[in-house]
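Going left to right, the sequence shown walks through residues 1 to 281 as UniProt numbering numbers them. Ideal placement from N, C-alpha and C gives every residue a C-beta, glycine not left out. Everything numeric in this text was worked out from a predicted model, so none of it was measured. What follows is one structure encoded as structure tokens, with my remarks underneath.
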Amino acid sequence: MSRSLREVRDEHGEVVAVEVLGGGMVEVSARLPHLAATALPGQFAQLRCGDGFSPLLRRPFSVAWSEADVVAFILAPVGAGTRILASLRPGDPLTALGPLGVGFTVDTGAPRSLCLSGGLGCAPFPLLVRALRGHGQQVTVVSGAASADLLYPPDRFARGDPDVDVVELTVDGSRGMRGVVTAGIPDDLDAATAVYACGPNPMLAALSRTLAGGRTPPRIVEVSLEAPMGCGFGTCLGCALPVHRGDGASQWALCCSDGPVMSIRLVAWDELMRLPPAHVA
1 MSRSLREVRD EHGEVVAVEV LGGGMVEVSA RLPHLAATAL PGQFAQLRCG DGFSPLLRRP
61 FSVAWSEADV VAFILAPVGA GTRILASLRP GDPLTALGPL GVGFTVDTGA PRSLCLSGGL
121 GCAPFPLLVR ALRGHGQQVT VVSGAASADL LYPPDRFARG DPDVDVVELT VDGSRGMRGV
181 VTAGIPDDLD AATAVYACGP NPMLAALSRT LAGGRTPPRI VEVSLEAPMG CGFGTCLGCA
241 LPVHRGDGAS QWALCCSDGP VMSIRLVAWD ELMRLPPAHV A
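Here it is, written out as structure tokens:
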């Protein structure tokens, strides 16, 4: 679901909390009333990294959850911008441009939803899970990572809802089932299930191959993609991704404005996987 750019605001807020969750994962929450009131599950904001000109560009982050006038973002300090954001403290200023992009389709009519989270791909799911539960859906989250310390805490997906089921997988077997995220797809997946996924693009490409081999396709499969975003609203063209045209050929779409959430069937996965990975943030 998309929103007009008329909804977008360059909002100046204040950091409320910065929590280190393990494995270098950091959750930054900030008082940003407009973003908290308007962001849809799967939409993102461009966060300004400090007051100077280095780094010059903002960084894109999914809105992880909102509560009253507070929103949260999940990140790992792997580059210049994310290191600045991870070093923030309560009371520090934070500027966010948003909400931006296309979010997940929530009102699908499906009685069941499956959310597939890979590593930092956990970011959009707390907000999505709450919205799905608000539509009366049964929700299962499959959360995977390389090791236990890189998993998002399972209780944070549900945010107090005891009826949300969280299944964990780790590649090294240090917590939950051993295996990759796609190994957690239930055998009874059917047309009454809506599937949502977020994680590294190779994980999403693997999901496309896995679902293509199934006998009954889910009602809807949407993925949140990653790409290097400079502006966040379709001007710089830095986040172009290949998608299928109606005649079977491919064309370019922009991750920031045509996505980041897209139907898994729309993405030209073979061509996407031949592109260079996104730059370190």
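- So what does DSSP say about L88, is it helix, strand or coil? As a working mapping, residue 88 is identified with position 88 in the sequence shown. Three-state result, L88: coil.
- alpha helix (DSSP H) runs contained entirely in the stretch 56-138, provided each spans 4 or more residues: 80-86, 125-134
- Task: For S29, count neighbouring C-beta atoms within 10 Å of its own C-beta (all shown protein chains included) and say buried if the count is 16 or more, exposed if not.
- Result: Position 29 of the sequence shown, counted from the first residue, corresponds to residue 29. Label assigned to S29: buried.
- Message: I need the straight-line Cα distance from P41 to L127, nearest angstrom please.
- Response: Mapped onto the sequence shown, residue 41 falls at position 41. Mapped onto the sequence shown, residue 127 falls at position 127. Answer to the nearest angstrom: the Cα atoms are 5 Å apart.
- Query: D270 by DSSP, collapsed to three states: which one?
  - Reply: The residue given as residue 270 occupies position 270 in the sequence shown. In the structure shown, D270 sits in a helix (DSSP, three-state: H, G or I).
- Query: Relative to the C-alpha of residue 286, which residue among W65, L75, G119 is closest?
  - Reply: Shown here, the chain extends from 1 to 281; a query on residue 286 therefore has no answer.
- Task: Tell me whether T216 is buried or exposed, calling it buried when 16 or more other Cβ atoms sit within 10 Å of its Cβ.
- Result: Indexing the sequence shown from 1 puts residue 216 at position 216. Exposed, since its Cβ has fewer than 16 Cβ neighbours within 10 Å.
- Message: Threshold first: 3 residues or longer. Then list the beta strand (DSSP E) segments lying entirely within the stretch 180-242, N to C.
- Response: 193-198, 220-224
- Task: Could you check what DSSP says for L32 in three-state terms: helix, strand or coil?
- Result: Sequence index remark: in the sequence shown, residue 32 carries index 32 (1-based). For L32, the secondary structure class from DSSP, reduced to helix, strand or coil, is coil.
- Message: Please state the DSSP three-state secondary structure of F157.
- Response: For this step, residue 157 is matched to residue 157 along the sequence shown. Looking at F157 - three-state DSSP - the assignment turns out to be helix.
- Query: Which one or two residues does DSSP pair with V261 in a beta bridge?
  - Reply: Numbered from 1 along the sequence shown, position 261 holds the residue referred to as residue 261. S224, per the DSSP bridge assignment.
- Reduced DSSP category for R9 - H, G, I as helix; E, B as strand; rest coil: The count along the sequence shown starts at 1 and reaches residue 9 at position 9. Strand.
- Task: Taking S250 as part of the beta strand (DSSP E), name the residues at either end of that continuous run.
- Result: The residue given as residue 250 occupies position 250 in the sequence shown. Unbroken beta strand (DSSP E) run through S250: 250-254.
- Task: Examine the Cβ distances between the stretch 237-249 and the stretch 258-278 and report whether three or more of them are shorter than 8 Å.
- Result: yes
- Query: Taking Cβ positions, are P218 and A191 nearer each other than 8 Å?
  - Reply: As a first step, residue 218 must be located in the sequence shown, where it is residue number 218. As a first step, residue 191 must be located in the sequence shown, where it is residue number 191. In contact: P218 and A191 (Cβ atoms closer than 8 Å).
- Within its chain, find whatever has a CB closer than 8 Å to the CB of R89; leave out the 5 residues flanking it on each side and keep chain order. One-based indexing of the sequence shown puts residue 89 at position 89. Result list for R89: V15, V18, in chain order.
- Query: With contact counted as at least three CB pairs below 8 Å, one residue from each stretch, are the stretch 225-244 and the stretch 178-193 in contact?
  - Reply: no
- the stretch 68-88 / the stretch 118-133 touching (three or more Cβ pairs under 8 Å): Touching, yes.
- Message: Give me, in chain order, the residues of the same chain whose beta-carbon lies closer than 6 Å to that of A205; leave out the 5 immediate sequence neighbours on both sides.
- Response: Here residue 205 corresponds to residue number 205 of the sequence shown, with the count starting at 1. W269, M273.
- Own chain residues within Cβ distance below 8 Å of L5, not counting five before or after: To locate residue 5, count along the sequence shown from 1; it is residue 5. The beta carbon of L5 sits closer than 8 Å to the beta carbons of F233 from its chain, once the five residues preceding and following it are set aside; these are given in chain order.
- Message: Do A39 and A110 count as a contact pair if the criterion is CB distance below 8 Å?
- Response: Numbered from 1 along the sequence shown, position 110 holds the residue referred to as residue 110. Numbered from 1 along the sequence shown, position 39 holds the residue referred to as residue 39. No, the pair does not count as a contact, with Cβ atoms beyond the cut-off.
- Task: To the nearest angstrom, report how far apart P260 and G121 are at their CA atoms.
- Result: Your numbering for residue 260 matches position 260 in the sequence shown. Your numbering for residue 121 matches position 121 in the sequence shown. Looking at the two C-alpha atoms, the distance is approximately 12 Å.
- Task: Tell me, to the nearest whole angstrom, how far the beta carbon of P60 is from that of M229; I am working on the premise that it is less than 8 Å.
- Result: Counting from 1 along the sequence shown, the entry for residue 60 is found at position 60. Counting from 1 along the sequence shown, the entry for residue 229 is found at position 229. Yes, they are in contact, since the Cβ atoms of P60 and M229 sit about 5 Å apart, within 8 Å.
- Message: Taking the beta strand (DSSP E) that A45 belongs to, which residues open and close that run?
- Response: Reading the sequence shown from its first residue, position 45 is the one you call residue 45. Taken as a continuous stretch (DSSP letters only), the beta strand (DSSP E) holding A45 covers 44-47.
- In three-state terms, what does DSSP make of D165? As a working note, residue 165 is residue 165 in the sequence shown. Strand, per DSSP.
- Query: In whole angstroms, what separates the C-alpha of G50 from that of L56?
  - Reply: By 1-based counting over the sequence shown, the position of residue 50 is 50. By 1-based counting over the sequence shown, the position of residue 56 is 56. Spanning the two alpha carbons is a distance of roughly 9 Å.
- Message: Which same chain residues end up closer than 8 Å to S250 when comparing Cβ atoms and leaving out the 5 residues on each side of it in sequence?
- Response: As a position in the sequence shown, residue 250 is number 250, starting the count at 1. Once the five neighbours on either side are set aside, the close Cβ partners of S250 are P242, V243, H244, A268, E271.
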